[in-house]
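Undergrad: First the structure, which I've put down as structure tokens, then a few questions once you've had a look.
Number of protein chains: 2
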Amino acid sequence: MANPEPSELGPGLSEQVAEALRERIISGQLPGGSKLNERELSAELQVSRIPLREALPLLEAEGFIHSEARRGSFVHTFTLRDAVEVFDLRLRLEPFAAQCAALRVAGGASPEDLLASLEFARTGVPGEQASGRNSDLHEEIVRLADHDLLRRLSSLLNGRVRWLFRLTPERDTPGMWEEHAELVHAIAEGRPALAEALASAHVERGRHASLPHLSERLPSEPVPRRGRKTRSPA
Amino acid sequence: MANPEPSELGPGLSEQVAEALRERIISGQLPGGSKLNERELSAELQVSRIPLREALPLLEAEGFIHSEARRGSFVHTFTLRDAVEVFDLRLRLEPFAAQCAALRVAGGASPEDLLASLEFARTGVPGEQASGRNSDLHEEIVRLADHDLLRRLSSLLNGRVRWLFRLTPERDTPGMWEEHAELVHAIAEGRPALAEALASAHVERGRHASLPHLSERLPSEPVPRRGRKTRSPA
DNA sequence: CCGGAAACTTTTGAATACCAAATAGCGCAA
DNA sequence: TTGCGCTATTTGGTATTCAAAAGTTTCCGG
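Here the protein sequences come in this chain order: A and B. Sequence positions in the first sequence follow the working numbering and run 68 to 301. Sequence positions in the second sequence follow the working numbering and run 68 to 301.
Right, here's the structure in full:
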């Protein structure tokens, strides 16, 4: 019944469910504080409760939701503090990723995928999906770094990065593309120290540019607790 | 049947299952390359397949196992490269945690839990479970840092840290306790820059002391592929 | 005697049905 | 109006079942 495509050799149904929920949360379709009703969601996503219940612990580990025993799962409310924390950790991980990537290039790895990603980011429509292209670039750096544990930590961080970027559409700071280009070229030339420093500067500039906007738009605390099931109407 | 304790208001069954498997993997009871048979394990742990299948994706996100579609889950083989990666990321995260914790103390937070943890680490039996006490101290620092995203990334890292420590029993380097004491006191005095630097030095010393031992004991690559179901006998 | 194809078996992925416990909302009474 | 108890929904978990894919074994032909 729930199997219109017999050859689902993809990433497993529970991960598809997790990704679908992730997107709904990031897009604001499921606002902070929403209760995730298992039956409702499994009906909506056309799956049984099994893959859904496999997806929820993943989303909880990523900080998208939090579950209380016997009370259900609720969408996390993204606060200003969360935004600060994202920048805190990007500032620690992205310079390391850049350093690793540059070291790999210096050791003989090819940066062509990274350069292609930069080119793709440049040729895209200026305002359209700038956040997605930004994330893609950073993911490409992590891939080039070829560091398994870094990849895991980054993917955990990345969900929140995407969430944050969705909340700040005016991220097309003039000069940001130049920063990306400088960083990518430092990596492509195999200069780890320069790449690390540029990545630090890039994150720090992003923090400085974003936080003023965010402090107006984000709540400072998760909203005490209101009555009914917090769902957005159709 | 599988409910001898009716008041399981604890951390949820799937997390208990995850923790049990984590322990078996870290302790070597489930060696690298072992196939995790769902039926076998659920029978052994006295649970149904549901909590088990909720636990497996968590273990996969932590890098303890890797799952191939329709082929099952296999215990990750801890290699020398993994050990290097653990130190790489401890070197980035623990200094930040120490800095945060010291800042919190400077802002008025009480370091008493951290000092108690240090005292407990000192009064324990020297050789007995040194690894556990070491991890506890670092977890206490992260707790004091009061940084949600850092906590999540650290908990992901922590599983591998414990795994690594179990593989190196001779971690009681003389002077390690002094390092810990210095670090804790820098935090307790609210000196972020000093705490950060000491944490960096601590991790770097640990790397230098451990890697020579590890390079003899750990495989360089995951072992091509063994014959049958790789299980240790009872 | 060895290699390959077909049939069989095992195991995973997923659905369905079901149950117990606990929370939450509701009505009722003081 | 406010506090209390009842009902009803929902979660956490089990057992059972099914389809499909992977692995294994067997058997036949060269």
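Yeah, the Cβ is synthetic: ideal placement off N, Cα and C, and Gly gets one too. On a predicted model such as this, the values are computed, not experimentally measured, just so you know.
With burial defined as no fewer than 16 other Cβ atoms inside 10 Å of the residue's Cβ, what is the status of E75 of chain A: buried or exposed?
TA: On the first sequence, position 8 is the one that residue 75 of chain A refers to. The pLDDT assigned to E75 of chain A is 41, lower than 50, so where the model puts this residue is not dependable, and the model offers no usable value.
Undergrad: Which residues of chain A have a Cβ atom closer than 8 Å to the Cβ of H330 of chain B, listed in chain order?
TA: Summary: the structure shown does not reach residue 330 of chain B, with chain B confined to residues 68 through 301, and so no result is reported for it.
Undergrad: Could you tell me which residues DSSP pairs with L103 of chain A in its beta bridges?
TA: For the purposes of this step, residue 103 of chain A is taken as residue 36 along the first sequence, with counting starting at 1. Looking at the DSSP assignment, L103 of chain A forms a beta bridge with A:S140.
Undergrad: Can you list, in chain order, the residues of its chain with a C-beta nearer than 7 Å to that of P124 of chain A? Leave out the 5 residues immediately preceding and following it.
TA: Within the first sequence, numbered from 1, the residue matching residue 124 of chain A stands at position 57. None.
Undergrad: Fully enclosed by the segment 151–212 of chain B, which alpha helix (DSSP H) runs are 4 residues long or longer?
TA: As far as the segment 151–212 of chain B is concerned, its whole alpha helix (DSSP H) runs of at least 4 residues are 179–190, 197–212.
Undergrad: Give the DSSP-derived three-state secondary structure of E245 of chain A in the structure shown.
TA: In the first sequence, residue 245 of chain A corresponds to position 178, counting from 1. E245 of chain A: helix per DSSP, three-state reduction.
Undergrad: Please say whether A188 of chain B and T240 of chain B have beta carbons closer to each other than 8 Å?
TA: One-based indexing of the second sequence puts residue 240 of chain B at position 173. One-based indexing of the second sequence puts residue 188 of chain B at position 121. Not a contact, by the Cβ cut-off of 8 Å.
Undergrad: For G226 of chain B, which residues in the same chain have their Cβ closer than 7 Å to its Cβ, ignoring the five residues on either side in sequence?
TA: Taking the second sequence and counting its residues from 1, the one referred to as residue 226 of chain B is at position 159. Same-chain partners within the cutoff: R89, E129, F131.
Undergrad: What's the call for E135 of chain B, buried or exposed, on a 16-neighbour Cβ count within 10 Å?
TA: Counting from one through the second sequence, the residue named residue 135 of chain B turns up at place 68. Classification for E135 of chain B: exposed.
Undergrad: Please classify E135 of chain A: does DSSP put it in a helix, a strand, or coil?
TA: In the first sequence, the residue the question calls residue 135 of chain A occupies position 68. Strand at E135 of chain A.
Undergrad: Given that a residue counts as buried once 16 or more other Cβ atoms are within 10 Å of its Cβ, and exposed if not, what is P27 of chain A?
TA: This structure cannot speak to residue 27 of chain A, because chain A is shown only from 68 to 301.
Undergrad: In chain order, what residues of the same chain lie with their CB nearer than 7 Å to the CB of S267 of chain B, ignoring the 5 residues before and after it?
TA: What you label residue 267 of chain B is simply residue 200 of the second sequence in a count that begins at 1. Counting only Cβ-Cβ distances below 7 Å, and skipping sequence neighbours, we find L158, P162.
Undergrad: Let me make sure I understand the geometry here. Which of B:L216, B:P98, B:L204 has the alpha-carbon closest to that of L156 of chain A?
TA: As a first step, residue 156 of chain A must be located in the first sequence, where it is residue number 89. Taking only the C-alpha atoms, the option nearest L156 of chain A is B:L216.
Undergrad: Can the beta-carbon of H247 of chain A be found closer than 8 Å to that of L211 of chain A?
TA: Position 180 of the first sequence holds residue 247 of chain A. Position 144 of the first sequence holds residue 211 of chain A. In this structure, L211 of chain A does not lie closer than 8 Å to H247 of chain A by Cβ.
Undergrad: Taking all protein chains shown into account, do 16 or more other C-beta atoms lie within 10 angstroms of the C-beta of D180 of chain B, making it buried, or fewer, making it exposed?
TA: Reading the second sequence from its first residue, position 113 is the one you call residue 180 of chain B. Exposed.
Undergrad: Going by other Cβ atoms of all chains shown within 10 Å of its Cβ, with 16 needed for buried, is D133 of chain B buried or exposed?
TA: Counting from one through the second sequence, the residue named residue 133 of chain B turns up at place 66. Per the sequence shown, residue 133 of chain B should be read as His rather than Asp. Flag for H133 of chain B reads exposed.
Undergrad: Helix, strand or coil for S287 of chain B, going by three-state DSSP, please let me know.
TA: Start at 1 with the first residue of the second sequence, and residue 287 of chain B comes out as number 220. Here S287 of chain B sits in coil by DSSP.
Undergrad: Taking 8 Å as the CB-CB cut-off, is F163 of chain B touching chain A?
TA: Stepping through the second sequence from its first residue, residue 163 of chain B is reached at position 96. True, the Cβ-Cβ gap to chain A drops below 8 Å.
Undergrad: Using a Cβ-Cβ cut-off of less than 7 Å, list which residues of the segment 123–135 of chain A approach chain B; keep chain order.
TA: Cβ contacts with chain B: P124, L125, A128, G130.
Undergrad: Could you list the residues in the segment 203–229 of chain B with a C-beta less than 8 Å from some C-beta on chain A, going in chain order?
TA: Listed by position, the residues of the segment 203–229 of chain B near chain A (Cβ gap below 8 Å) are H214, D215, L216, L217, R219, L220, L223, L224, R227.
Undergrad: Does the Cβ of R284 of chain B have 16 or more other Cβ atoms within 10 Å, making it buried, or fewer, making it exposed?
TA: Within the second sequence, residue 284 of chain B is the residue found at index 217, counting from 1. R284 of chain B comes out exposed.
Undergrad: What does V153 of chain B touch in chain A if you count any residue whose Cβ is under 8 Å from its own?
TA: Locating residue 153 of chain B in the second sequence gives position 86, where the first residue counts as 1. Residues of chain A passing the Cβ test: L216.
Undergrad: Determine the chain B residues that contact R159 of chain A at a beta-carbon separation under 7 Å, and present them in chain order.
TA: Taking the first residue of the first sequence as 1, we reach residue 159 of chain A at position 92. Near R159 of chain A (Cβ distances below 7 Å), the residues of chain B are R159, L160, F163.
Undergrad: Under three-state DSSP, which class holds L97 of chain B?
TA: On the second sequence, position 30 is the one that residue 97 of chain B refers to. The answer is coil: DSSP assigns L97 of chain B none of H, G, I, E or B.
Undergrad: Classify L224 of chain B as helix, strand or coil using the three-state DSSP reduction.
TA: For the purposes of this step, residue 224 of chain B is taken as the residue at position 157 of the second sequence. Of the three classes helix, strand and coil, the one that applies to L224 of chain B here is helix, per DSSP.
Undergrad: Below 8 Å between beta carbons: does that hold for V142 of chain A and S101 of chain A?
TA: The sequence position of residue 142 of chain A within the first sequence is 75, counting from 1. The sequence position of residue 101 of chain A within the first sequence is 34, counting from 1. Result yes, Cβ atoms of V142 of chain A and S101 of chain A sit closer than 8 Å.
Undergrad: Per DSSP, what kind of secondary structure is P78 of chain B in: helix, strand or coil?
TA: As a first step, residue 78 of chain B must be located in the second sequence, where it is residue number 11. The answer is coil: DSSP assigns P78 of chain B none of H, G, I, E or B.
Undergrad: For the segment 142–151 of chain A against the segment 96–114 of chain A, are there 3 or more C-beta pairs whose distance is under 8 Å?
TA: Cβ pair count under 8 Å is three or more, so yes.
Undergrad: Taking CB distances under 8 Å as the criterion, tell me whether E121 of chain A reaches chain B.
TA: The residue you call residue 121 of chain A lines up with position 54 of the first sequence. So yes, E121 of chain A belongs to the interface.
Undergrad: Using the C-alpha atoms, what's the distance from L119 of chain B back to A303 of chain B?
TA: Nothing about residue 303 of chain B can be read from this structure; chain B reaches only from 68 to 301.
Undergrad: In three-state terms, what does DSSP make of H214 of chain B?
TA: Along the second sequence, one-based indexing puts residue 214 of chain B at 147. In this structure, H214 of chain B counts as coil in the three-state DSSP scheme.
Undergrad: With C-beta atoms as the reference, is R219 of chain A less than 8 Å away from I93 of chain A?
TA: What you label residue 219 of chain A is simply residue 152 of the first sequence in a count that begins at 1. What you label residue 93 of chain A is simply residue 26 of the first sequence in a count that begins at 1. No. Outside cutoff.
Undergrad: Is there a Cβ of chain A sitting closer than 8 Å to that of G156 of chain B, yes or no?
TA: Walking along the second sequence from the start, residue 156 of chain B turns up at place 89. According to the sequence provided, residue 156 of chain B is Leu. The question's Gly does not apply to it. Yes, contact with chain A.
Undergrad: To the nearest angstrom, how far is the alpha carbon of A260 of chain A from that of A165 of chain A?
TA: By one-based count along the first sequence, residue 260 of chain A stands at place 193. By one-based count along the first sequence, residue 165 of chain A stands at place 98. For A260 of chain A and A165 of chain A, the distance between alpha carbons rounds to 9 Å.
Undergrad: Can the beta-carbon of S221 of chain A be found less than 8 Å from the beta-carbon of L160 of chain A?
TA: Taking the first residue of the first sequence as position 1, residue 221 of chain A is located at position 154. Taking the first residue of the first sequence as position 1, residue 160 of chain A is located at position 93. Yes, Cβ-Cβ distance for S221 of chain A and L160 of chain A is below 8 Å.
Undergrad: Under the assumption that A253 of chain A contacts L265 of chain A (Cβ atoms under 8 Å), give the Cβ distance between them as a whole number of angstroms.
TA: Taking the first residue of the first sequence as position 1, residue 253 of chain A is located at position 186. Taking the first residue of the first sequence as position 1, residue 265 of chain A is located at position 198. That belief holds up - the Cβ atoms of A253 of chain A and L265 of chain A are roughly 5 Å apart, short of 8 Å.
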